[in-house]
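In my numbering, the protein residues as written are 839 to 1529.
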């Protein structure tokens, strides 16, 4: 491979195949070439140690009809083009354009295909997987790897791509891969002991402190033991809840009587899953669930018959993930938790078998993030559990990076892990902890952006990190610092629009940050400027389409803006507009309280709106609003989110519950919470100590 190219490969894919593109990107960059092959010469060039970097960003696509200059430059800078082939990519304008452009560079022989869905010989866009541009440029019947289980599968597909890109024979890589796997299985316990020496000093101080309780125990083993307690499981495979409950006599009889090879049933299970994923992407959740459950049933029976088959066990975990995700989307949160707990437990047992497997360790990070997000969505009064999941997820991400220190994908994911943890820390009102985590997050994203300043995805993530840091500084009372970071975040996002970023999503993110900026301007006393900025934002919101129940997240951002707008209207003398806005807002929020996934967010917004109206008119809310106001009970031995506690203060003030208001005020002040509106209420209603 030559060094004249910035990227080893450019991955071309449809947005519907983003999951596969992420896997391909991670899989290629994490692959290590066999040591004996590194440095050898092939028809392509010298064999490198790694396949990296790989370009996989779609945010640079221009909204015009031509490829954006950033994407064109990335294609010029890429030695290979990998096309993720599916009916979605076959129909994608951008995938076809990227193929045409790359072929026009004179590198037709450097185009490789990987099939994720559809048929090579299919007719019509609903069946065919190959984009028409392949045929146009002369690749009538391109050779392709097929990631699906009944074809090459993920592992062999990766080897095929690596062999093709580097000019190696597939057999060379397959032999080396098999030897590596055999060594990994045989030396798993030795690797775990060896890892302990590395991991004691390489992961976070908190993990290291915990490990010193028993210096003879490896970090991997320690974390797995901790996780076992968290998930409340035993080592008995029969303890998996779904396996305990299921008794598929009919399916067992079918397999026994048919005499078919178990591999045929494995292929059938994978086919059912692919059908389920297709239904899931299409929004047909009931059909998706049926396919996922059927796939799970086949895998469960195969595993019962061959308990040492860890690949089947892994696929059983993936089946649990998809069942849980679909239950989550359907609003069946207890069932989703059941499936995702099983998914995490299966992943834990896989790591026990191969503790040096960075991909499985990272899989655990994902599983724990899912559980943390689910815990938050379920509105369970146990934010400490969400924090526990997010803390452990971050630690598994860190461990995966220690196991594979050159994996840029794991390093990139570490930023998101920090963001999730900081949010969970604020959910228990750990203001100082959230500040430290956000500071680490910002430093991490700064380093990643410095290394790749033209990467639009990195620019967007940097804007998110700046926003998170600004939010914590705002609740700490540091308005000027918060405003400075927020203005930088807005500028980065607006610059990304010029790079061709997706317009609607970017505009929503800009408006979210501008709303906070308007609030900060008002807190500094410039109500006239704040009102002018609010008017400009109102016009921008009107330009956005599709804000409604089907996009609850955006709808709530808009309602948050309207609550601030009502406050500014009243401050600038237009009490009538303020009342009109607040009345409409309350009606919408009362209706939205039925959405369990957003119930807490809606409840806090409702308290804000009701309190503003009470401050205008000194009248309590009508019965239909009063009946759905959230209850805030001080105590019960649990931590409470800063936002919940701040809402509790306002509700207590409205209902003249002075003692309750002071308890929550003391709680917030003791946590270092100094958000401007809370401090105004604290002083105005004589709740602050010493008043």
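Built from N, CA and C at the ideal position, the CB exists for glycine as well. Here the structure is a predicted model, which is why all the values come from computation and not from measurement.
{"Item": "Go ahead and label residue 1222 buried or exposed: buried means 16 or more other beta carbons lie within 10 angstroms of its beta carbon, across all protein chains shown.", "Value": "exposed"}
{"Item": "Taking the alpha carbon of residue 1452 as the point to measure from, which residue in 997, 1408, 1507 and 1188 has its own alpha carbon closest?", "Value": "1408"}
{"Item": "Is DSSP giving residue 1413 helix, strand or coil here?", "Value": "helix"}
{"Item": "Starting from residue 1533 and walking both ways along the beta strand (DSSP E), at which residues does that stretch end?", "Value": "Here the chain comprises residues numbered 839 to 1529, so residue 1533 is not present and cannot be evaluated."}
{"Item": "Roughly how many angstroms separate the alpha carbons of residue 818 and residue 1441, rounded to a whole number?", "Value": "In the structure as shown, the chain starts at 839 and stops at 1529, and residue 818 therefore has no counterpart that could be examined."}
{"Item": "Tell me the residue span of the alpha helix (DSSP H) that contains residue 1356.", "Value": "1341-1361"}
{"Item": "Taking the beta strand (DSSP E) that residue 992 falls in, what are its first and last residues?", "Value": "Here residue 992 belongs to no beta strand (DSSP E); instead the alpha helix (DSSP H) covers 991-1004."}
{"Item": "When the Cβ atoms of the segment 856-869 are set against those of the segment 1239-1249, are three or more pairs found closer than 8 Å?", "Value": "yes"}
{"Item": "Looking only at C-alpha atoms, which of 1457, 1455 and 1509 sits nearest to residue 1481?", "Value": "1509"}
{"Item": "May I have a chain-ordered list of the alpha helix (DSSP H) segments no shorter than 4 residues that lie completely inside the segment 1286-1318?", "Value": "1294-1313"}
{"Item": "Counting pairs of beta carbons, one from the segment 1128-1139 and one from the segment 1160-1168, are three or more of them closer than 8 Å?", "Value": "yes"}
{"Item": "Looking at C-beta atoms only, is the number of pairs between the segment 1256-1269 and the segment 1221-1238 that lie closer than 8 Å three or more?", "Value": "yes"}
{"Item": "Rounding to the nearest angstrom, what Cα-Cα distance links residue 1271 and residue 1299 in this structure?", "Value": "21 Å"}
{"Item": "Under 6 Å Cβ to Cβ from residue 1505, same chain only, skipping five residues before and after it: list those, please.", "Value": "1483"}
{"Item": "CA-CA distance, residue 1073 and residue 1306?", "Value": "Low confidence applies to residue 1073: its pLDDT is 44, below 50, so where it sits in the model is not reliable, and the reading given next is rough at best. Going by the C-alpha atoms only, they are around 40 Å apart."}
{"Item": "Quick check on the DSSP output: the beta strand (DSSP E) that includes residue 848 runs from which residue to which?", "Value": "845-850"}
{"Item": "Rounded C-beta distance between residue 924 and residue 967? I'm assuming under 8 Å.", "Value": "5 Å"}
{"Item": "Give a yes or no on whether the C-beta atoms belonging to residue 818 and residue 1424 are separated by under 7 Å.", "Value": "Residue 818 lies beyond the stretch modelled for the chain, which goes from 839 to 1529, so this question has no answer here."}
{"Item": "Anyone know if the C-beta pair for residue 852 and residue 926 falls short of 7 Å?", "Value": "yes"}
{"Item": "Restricting to Cα atoms, I'd like to know which of 972, 995 and 1136 is closest to residue 983.", "Value": "995"}
{"Item": "Taking contact to mean at least 3 C-beta pairs separated by less than 8 Å, is the segment 1174-1187 in contact with the segment 1145-1158?", "Value": "yes"}
{"Item": "What would DSSP say about residue 1437, mapped onto helix, strand or coil?", "Value": "helix"}
{"Item": "Where residue 798 and residue 1358 are concerned, what is the direct C-alpha to C-alpha distance, given to the nearest angstrom?", "Value": "This structure cannot speak to residue 798, because the chain is shown only from 839 to 1529."}
{"Item": "In angstroms, rounded to a whole number, what distance separates the CA positions of residue 1283 and residue 1310?", "Value": "17 Å"}
{"Item": "Whole angstroms is fine: what's the gap from residue 1238's alpha carbon to residue 1251's?", "Value": "11 Å"}
{"Item": "Assuming residue 1402 and residue 1438 are in contact, meaning their beta carbons sit under 8 Å apart, how far apart are those beta carbons, in whole angstroms?", "Value": "Contact doesn't hold; Cβ gap of about 19 Å is too wide."}
{"Item": "Going residue by residue through the segment 1113-1187, where are the continuous alpha helix (DSSP H) segments of at least 4 residues, counting only ones entirely within it?", "Value": "1123-1143 and 1148-1168"}
{"Item": "With a threshold of 16 other CB atoms inside 10 Å of the CB of residue 1524, please say whether the residue is buried or exposed.", "Value": "exposed"}
{"Item": "Does the distance from the CB of residue 1202 to the CB of residue 1224 come in under 7 Å?", "Value": "no"}
{"Item": "Taking the beta carbon of residue 1464 as the centre, do at least 16 other beta carbons fall within 10 Å, making it buried, or is it exposed?", "Value": "exposed"}
{"Item": "Let's see if you can read the secondary structure: which residues bound the beta strand (DSSP E) around residue 887?", "Value": "Premise fails: residue 887 is in no beta strand (DSSP E) and is neither H nor E."}
{"Item": "Taking the beta carbon of residue 1371 as the centre, do at least 16 other beta carbons fall within 10 Å, making it buried, or is it exposed?", "Value": "buried"}
{"Item": "With DSSP collapsed to three states, give me the class of residue 1266.", "Value": "coil"}
{"Item": "Report all residues from its chain with a CB closer than 7 Å to the CB of residue 1491; omit the five preceding and five following residues, and keep chain order.", "Value": "1499, 1519 and 1523"}
{"Item": "How is residue 1428 classed by DSSP in three states: helix, strand or coil?", "Value": "helix"}
{"Item": "In chain order, what residues of the same chain lie with their CB nearer than 8 Å to the CB of residue 910, ignoring the 5 residues before and after it?", "Value": "939"}
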